[in-house]
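The next block holds one structure in the form of structure tokens; read it before the comments.
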């Protein structure tokens, strides 16, 4: 509930050995000779002090036998003073995020504000307002989770796989489930909790979605669509009206290639996600979708930006192969010194440069951002060679977007339209390959009432300079070792292992596609 703080004490009851392959060659994932599985929980989209943000090096094993260098306390404080919206929590242990999330360490979280939301008249109540958590998994013949432990190229590494893609689509813990619905409006808060799979969702029978929120923030006005793309860690808050269905069954389906976007011209197979079994009786529906939702949010204003930063994504390969070995942001590892030091109460322009072949969902802790534009680079190989150097990195890379002529390479490049439902404030954005995305990043509360709780305008209601700091990263889990350590802005819950089911491709995050931020005052 908005304005009602939540105190969570996280405890680790995981078994001594992981149920999935754990690559202990990742330095950040090592716990010395101690037994146990490290874990730490991050509330994705939450506005909280970094001591409660789930820093990837604040992990702990069962019984706190071993703790990470930034561990301070298992008790986390979530102020819940942010505007109403959709969040989720998940494991964030460095080097283990991908396997811990695959094993089921995640859940949905809402910040509700009845005074602001009830007058909207949107579908409500447990039956008509539902979380829908989607991901992909593979299983063994006995039903146990399966993760391939054989590397794509054993000469590079015996275990490494660039991304994880399962053959079964799971919705709320079940493979290809069905839901009986009545002929009326339903609200679905759809989270893509996959490690690397994108979903391009649509409904059979000509039904449409009406978007009312994106990530953790309501839209100012509803946006109807026939389908939409959802990256790992993104949340789409939509309303579907089954009253207009001409059929007694409606299929939620996806046709996104894996990996996304795939090769030019590649056509993906359409896969069923789940089925809605529609009742026969038309009934009175008291819910509605108003023409205006939450217009009080501040509009993005580039005049607020006090600095412009260039954030470049690089993928490195082993000489003589096309097998990726690591992915860095601005050529820096997670453990390299902090280079991003935003000032609390300000906004910044970030030009995010994707020089890889993948679409990367970028996630920034604590902050929200507005996507202003996205443009394709021309002669991208020339620009990449200047920025990164050779495929394996090393000498020759300048990592200086302006010195390497970014403006010249953008001149005449294709402009990619930002979908209407993604033009509000977000905490995840899909950065296309060979493009530059311009973001206005806001390092201050989204509403003034939250700021005034701290006694000073533009400040958060806690000390953003305390604790280990924040990070920004790719939310593709297998690549999360590459996460840039988040910017350092400067009721008891027991986490148990269950099988059901951060750039936010988790496979990338575990491979250091993550960097730290230090927020200053």
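Residue numbers (UniProt numbering): 1 to 521. Backbone N, C-alpha and C define an ideal beta-carbon position, used for all residues, glycine too.
**Message:** Restricting to Cα atoms, I'd like to know which of 460, 78, 519 is closest to residue 603.
**Reply:** Only positions 1 to 521 of the chain appear in this structure, which leaves residue 603 out of reach.
**Span separating the alpha-carbon of residue 251 from that of residue 204** = 5 Å
**Asked** Does DSSP put residue 312 in a helix, a strand or coil?
**Response** strand
**Message:** Across the segment 115-125 and the segment 90-99, are there enough close Cβ pairs to call them in contact, namely three or more that are closer than 8 Å?
**Reply:** no
**Message:** To test your reading of the DSSP string, which unbroken beta strand (DSSP E) runs of 3 or more residues are found completely within the UniProt domain "Plastocyanin-like" (318-378)?
**Reply:** 324-329, 346-354, 360-364, 368-376
**Request:** Look at the Cβ atom of residue 199, then the Cβ atom of residue 233, and state whether they are nearer than 9 Å.
**Result:** no
**Message:** Considering just the uninterrupted stretch of the alpha helix (DSSP H) at residue 115, what are its terminal residues?
**Reply:** 114-117
**Prompt:** According to the neighbour-count rule (16 or more other Cβ atoms, all chains shown, within 10 Å of its Cβ), is residue 126 buried or exposed?
**Reply:** With fewer than 16 other beta carbons inside 10 angstroms of its own, residue 126 counts as exposed.
**Rounded C-alpha distance that separates residue 46 from residue 164** = 26 Å
**Asked** Among all the DSSP beta bridges, which residues are the ones paired with residue 241?
**Response** 185
**Prompt:** How would you write the range of the alpha helix (DSSP H) that residue 384 sits in, first residue to last?
**Reply:** 380-388
**Prompt:** Could you give the distance in angstroms between the alpha-carbon of residue 76 and the alpha-carbon of residue 14?
**Reply:** 19 Å
**Message:** If contacts are defined as beta-carbon pairs under 8 Å, then residue 379 and residue 416 qualify, I think. What distance do you get, rounded to the angstrom?
**Reply:** Between residue 416 and residue 379 the Cβ distance is about 18 Å, and since that is not below 8 Å, they are no contact.
**Message:** Given this structure, state the Cα-to-Cα distance separating residue 444 from residue 436, to the nearest angstrom.
**Reply:** 24 Å
**Cα-Cα separation between residue 209 and residue 521, rounded to whole angstroms** = 42 Å
**Asked** According to DSSP, which residues form a beta bridge with residue 137?
**Response** 168
**Request:** Mind the definition here: the segment 283-290 touches the segment 178-187 only if three or more C-beta pairs lie below 8 Å; say whether that holds.
**Result:** yes
**Pairwise C-alpha distance: residue 397 and residue 84** = Spanning the two alpha carbons is a distance of roughly 44 Å.
**Message:** If we require 4 or more residues per run, which alpha helix (DSSP H) segments fall completely within the UniProt domain "Plastocyanin-like" (29-114)?
**Reply:** 97-102
**Message:** Taking only three categories from DSSP, how would you classify residue 254?
**Reply:** strand
**Message:** Using 8 Å as the cut-off, can you tell me whether the segment 347-357 makes contact with the segment 301-312, which would need three or more C-beta pairs spanning the two stretches below that distance?
**Reply:** yes
**Prompt:** Roughly how many angstroms lie between the CA atoms of residue 122 and residue 22, to the nearest whole one?
**Reply:** Each residue's alpha carbon lies about 44 Å from the other.
**Message:** Can you give me the C-alpha to C-alpha distance between residue 257 and residue 192, rounded to a whole angstrom?
**Reply:** 15 Å
**Asked** Does the Cβ of residue 53 have 16 or more other Cβ atoms within 10 Å, making it buried, or fewer, making it exposed?
**Response** buried
**Prompt:** For the segment 210-221 against the segment 266-279, are there 3 or more C-beta pairs whose distance is under 8 Å?
**Reply:** no
**Request:** Evaluate residue 264 with the Cβ neighbour count: other Cβ atoms within 10 Å of its Cβ, from every protein chain shown; 16 or more gives buried, anything less gives exposed.
**Result:** exposed
**Prompt:** Regarding residue 209 and the ligand ZN, is the C-beta to nearest heavy atom distance less than 8 Å?
**Reply:** With respect to the ligand ZN, the structure shown offers nothing to examine, as it has no ligands at all.
**Message:** Rounded to whole angstroms, what is the Cα-Cα separation between residue 426 and residue 381?
**Reply:** 30 Å
**Asked** In this structure, does DSSP put residue 221 in helix, strand or coil?
**Response** In the structure shown, residue 221 falls within a strand segment according to DSSP collapsed to helix, strand and coil.
**Asked** To the nearest whole angstrom, what separates the beta carbons of residue 73 and residue 136, a pair I think is in contact under 8 Å?
**Response** With 8 Å as the limit, residue 73 and residue 136 do not qualify as a contact, their Cβ atoms being about 35 Å apart.
**Asked** residue 188 and residue 145: beta carbons closer than 9 Å?
**Response** For residue 188 and residue 145, no; Cβs fall outside 9 Å.
**Request:** Determine the DSSP secondary structure at residue 13, reduced to helix, strand or coil.
**Result:** In this structure, residue 13 counts as coil in the three-state DSSP scheme.
**Message:** Considering Cα atoms alone, identify which of 399, 291, 458 is closest to residue 347.
**Reply:** 458
**Request:** Give a yes or no on whether 9 Å exceeds the smallest Cβ distance from residue 105 to chain C.
**Result:** Among the chains in the structure shown there is no chain C, since it carries only a single protein chain.
**Message:** By alpha-carbon positions, which one of 103, 11, 90, 124 ends up nearest to residue 109?
**Reply:** 90
**Asked** By how many angstroms is the C-alpha of residue 67 removed from the C-alpha of residue 439?
**Response** 36 Å
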